[in-house]
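Chains as they are written, first to last, in this note's numbering: chain A, 10 to 398; chain B, 10 to 398.
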C-alpha cells in the first residue's frame, strides 16, 4: 500500500479493529468477561469502519472520493465482507489470503494441515518423514520426569518443561507458521526469517546424518524459526508473551470465528479430530459462552459463494499464494469479470501486501501489477459514474 | 400474502421483530432503560431474520427453497435492507411503502405533511382551508380554563382536557393517519374506516353551513376516524393505551430511525421546524441516549441510491401509493431491470399488502398482478441457477 499509494494520489488510512492494539473500549477491563467482550464482533468492526470512513470523508470535504479497502488474513475477510455489506462506502476490496470459506463444512477440515505437510514434502520427502516421526519419539521421551529434563536441555528451554504436549505445540507452531510465511525473500513478519524458509528448514534436517536423533533434527529446524538471528539464549516454550496482540482472537474464535480443523493421517502432524461439542464446552469454561457455529455463513454467506457473489458482488480481488495453508479456504477461481482470484503457486500468506523488494520474483511483481491495474479500472469506472450524475 | 401463497405453493412465515409483540428479550424489563433497549436495533432484527430463516430451512429439510421477504412501512424498509445485506438468504423482497429515503436530507423534510395537505386539498379546497384555519381558533379558545372546559365538551373527551396542544395532536393524528390509510375500500387497519376516508372527511366538512364553527367541523371530520362505528361514548384525547404496540418505536426513533420532519407554510398544519439539537436533548432526557443521525444512511446507504442499487442490488419491488404521505420517502422510479418501482396514483400505505376484496379497483388488482408476475420470474431464475449447480 505504501508502494502504490503515490501512483493513486491516495490517502492511506489504517483503521484499528476494536479490541486490538490501543482500541480497548473498556480500557484494561476489555477482556475481562463476556459482558465487556460481547462488543468484539466482526459485524461491529465493519460498522466501525463504515462510520469512520464516512465521517472522515465528510471532515476532509471529500465525500465523493472513492475508497478501496485492503486487508490480509482476517483483515482480508473483513475487506471482502465490507465490500459485500457496504458497497455504498467502498468501491472495491483487495482481500489477500482471506479464508472466507474456512467455515462450516465448505472447505475440508484437514486442508490447513495437509497444505503445511505438502509444503514440507515438496522440499524433501526425508524432511517430511523426519517431522512426521518426531511426535511419537517426543511423547515417548517426555512420558517421565527424567525424559522431560533431558528434553528441556535439548530444546534449551528457559524453564524446565513439565508437559511434553506444550513442547509439541511449540515445535508444531514453528512448522505451521513457517509454511504460512514461506516468502521468497527474507522477511520479518512473524519472525525474522530467510527467503524460502521451508526449504531452509528442510536443508537443515537433510544435512544431519541419517542416523541422528529425530528430535535433534526437529529442534534444529524449529530454531530457524525461533532463532534465525541467533540472539535467543533460551526459549519460552510454555507460553509467555503474546507478541501479535491476539488477545481478542480467542474470544472471536469462541463466538463467531469457528474454523473446524482436523489433522488427517496423511499429514506430518499427529492425527487430531475436531468436535463441536468439545469446542463448545471449552469455550463455555473459558469465556462463559458457546460458539455460534453457523453464524459466519449466515451473516456473510459462504455456501454457493460462486452464485451469490456473481449476482450480488463486484470489485473484489481475492489474492492467494498456494504455499499458504490458509489458501485452501480462500476464493481461488474468478467468479465474475469483477470478482477476480489472483493465485500464485509459490506465494505465501498475504505476500502481495508486503513491501516490494529488489529481490521479488517476477510472479509476485506481476501479481501486484495486476492488482494495481484492476484497482485503476474500478476508480476509472467510479469516476465515469460520478460524472454522469 | 394469504391470497397468493397457494399460487406459489409457499409456506408463509411471520417473524416477529424483537421488542415488539411477545418478543421481549428481557420480559417486562425490556423497555426499562438503555441497558436493555440497546439490543433493539434494525441491524439486530435483520440478523434475527437471517438466523431464523436459515435455521428453519435446515429444520424443514428445505435448504434450497427460495425465500422472498415481504414488508410494509418499517417492515418494508427491513425487507429491502434484508435483500441488500443478506442476498444469500432471500432471493427477493417486496418492500411496500418503505420510506428508506426519509433520512438525512435525501427527501425534503416537509414532504410528509405536504402530502397529507395535498390529499385533503385534492378533495376540496374548502376542506383544506377549514382544517388549516382550525389550529389558531383552537389555540385561542384553549388559552384559559373556561375555554378548555368548553372544548372538552365539544370534543366529548372522557376527562377534562388540561392542554390544548394535546387536543391539537389528537385532531392532527386523525387527518394524518386517514391520509395514510386512504384506501379505496372499507378497511380496518388503524381504525375502522369507509372507502376513500379522506373524501368522506371532506364531505363531512363541506356539508356544514359555511358560517359554522371550524372546531365543530374539524371535530366532526375527526370523528369519522375515531368513531366511524359510532360506539365510542367519549374520547381518550390525552394519550392512553398504545393500540399498535409501538412501545419500542420511541427508542428506535431516538437512536437510529431519525426522520426529520417539518411543517411548511403551504401545509394545512401549523408550521413546525425541526432541530437535531432539540431532538437530541429530548432523547437524552427520555432515554439517556443521543440519536445517531447519520447511522441509517451509513449502514444501509441512501445517498445516490440509484447508482448503488443499480450496481449492487437486484430483485426488489418498491411499491408505493401516492396518497400515502410516506410515499415521498420511497423509491418511486425503476432503478434497474430487477429493482422495480410500482407506483399507483390513488394508492395508500401498503395497500398492495392488504387482502384482495371484490371491490378492489382495477389499478390495485393490476399492481398485485405485476408483483406476482415479477416474483414468479425471480423464482424461475433461481430454479434455473440451482439446476446448473
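Positions of the beta carbon are idealized from the N, C-alpha and C atoms, including for glycine.
Relative to the C-alpha of residue 226 (chain A), which candidate in A:212, A:239, A:238 has its C-alpha closest? A:212
Within-9 Å CB hit, residue 142 (chain A) to chain B: no
Coarse secondary structure for residue 14 (chain B), derived from DSSP in three states: helix
Who are residue 104 (chain A)'s beta bridge partners in DSSP? A:80, A:327
Chain A beta carbons: is any one of them nearer than 9 Å to that of residue 85 (chain B)? no
Per DSSP, what are the beta-bridge partners of residue 153 (chain A) in this structure? DSSP output for residue 153 (chain A) lists no bridge partner at all.
Is the separation between the beta-carbon of residue 268 (chain A) and that of residue 112 (chain A) shorter than 9 Å? Their beta carbons are under 9 Å apart, which means residue 268 (chain A) touches residue 112 (chain A) by this criterion.
Would the region 213-232 of chain B count as touching the region 178-192 of chain B if we require 3 or more Cβ pairs under 8 Å? yes
Have a look at residue 81 (chain B) and residue 149 (chain B) and give me their C-alpha separation to the nearest angstrom. Going by C-alpha positions, residue 81 (chain B) is about 39 Å away from residue 149 (chain B).
Tell whether a beta-carbon distance below 9 Å holds between residue 278 (chain B) and residue 184 (chain B). yes
Residue 416 (chain A) vs residue 193 (chain A) beta-carbon contact at 9 Å: Chain A is shown only over 10 to 398; residue 416 (chain A) falls outside these bounds and no answer can be derived.
Does residue 352 (chain A) come out as helix, strand or coil in the three-state DSSP assignment? Note: residue 352 (chain A) maps to strand in three-state DSSP.
Contacting residues, own chain, Cβ-Cβ under 8 Å from residue 142 (chain B) (five flanking each side not counted): Taken in chain order, the residues that qualify are 223.
Can you tell which of B:186, B:154, B:162, B:187 has the C-alpha that lies nearest to the C-alpha of residue 171 (chain B)? B:154
Which residues does DSSP pair with residue 345 (chain A) in a beta bridge? Per DSSP, the beta-bridge partners of residue 345 (chain A) are A:348.
Nearest to residue 387 (chain B) by alpha carbon, out of B:28, B:103, B:90, B:56? B:103
Using a Cβ-Cβ cutoff of less than 6 Å, which residues in the same chain neighbour residue 348 (chain B) once the five nearest sequence positions on both sides are dropped? Excluding sequence neighbours, residue 348 (chain B) sits near 318, 322, 325.
Look at the alpha carbon of residue 246 (chain A) and the alpha carbon of residue 265 (chain B), and state the distance between them as a whole number of angstroms. For residue 246 (chain A) and residue 265 (chain B), the gap between their C-alpha atoms comes out near 50 Å.
Residues in its own chain within less than 7 Å of residue 123 (chain B) by CB, not counting five upstream and five downstream? 273, 275, 276
Contacts of residue 323 (chain A) in chain B (Cβ-Cβ under 8 Å): 320, 321
Below 7 Å on C-beta distance, what does residue 47 (chain B) contact in chain A? Under the 7 Å cutoff, chain A gives no residues; its nearest Cβ is about 10 Å from residue 47 (chain B).
Under 8 Å: do the region 43-60 of chain B and the region 82-99 of chain B share three or more Cβ pairs, one atom per stretch? yes
Which one or two residues does DSSP pair with residue 196 (chain A) in a beta bridge? A:202
Using the C-alpha atoms, what's the distance from residue 311 (chain A) back to residue 65 (chain B)? 18 Å
Test: residue 97 (chain A) CB closer than 9 Å to a CB of chain B: Yes, residue 97 (chain A) lies at the interface with chain B (some Cβ there is under 9 Å from its Cβ).
Establish whether the CB of residue 24 (chain B) and some CB of chain A are separated by less than 9 Å. Residue-level contact check: residue 24 (chain B) does not touch chain A, since none of the beta carbons of chain A fall below 9 Å from its beta carbon.
Using a Cβ cut-off of 7 Å, pull out every chain A residue sitting near residue 310 (chain B), in sequence order please. 97
Cutting at 7 Å between CB atoms, please list the residues of its own chain near residue 271 (chain A), excluding the five before and the five after it. 118, 119, 281, 282, 283
Any alpha helix (DSSP H) of 4 or more consecutive residues that is wholly inside the region 242-327 of chain B: 258-264, 285-296, 304-309, 314-321
List the residues of chain A whose Cβ lies closer than 9 Å to the Cβ of residue 50 (chain B), in chain order. The premise fails here: residue 50 (chain B) is roughly 10 Å from chain A at the closest Cβ pair, so nothing lies under 9 Å.
How close, in whole Å, do the beta carbons of residue 191 (chain A) and residue 135 (chain A) come, if the pair is a contact with beta carbons under 8 Å? Their Cβ separation, rounded to whole angstroms, is 18 Å, which puts residue 191 (chain A) and residue 135 (chain A) out of contact at 8 Å.
What does residue 317 (chain B) reach in chain A if we use C-beta pairs closer than 9 Å? 96, 97
According to DSSP, is residue 166 (chain A) helix, strand or coil? strand
Can you grab the Cα-Cα spacing for the pair residue 238 (chain A) / residue 162 (chain A), in whole Å? 20 Å
Short Cβ contact (9 Å threshold) for residue 292 (chain A) with residue 243 (chain A): no
Using the rule of at least 16 other Cβ atoms within 10 Å of the residue's Cβ for burial, across every protein chain shown, is residue 9 (chain B) buried or exposed? The structure shown does not extend to residue 9 (chain B), since chain B is modelled only from 10 to 398, so the question has no answer here.
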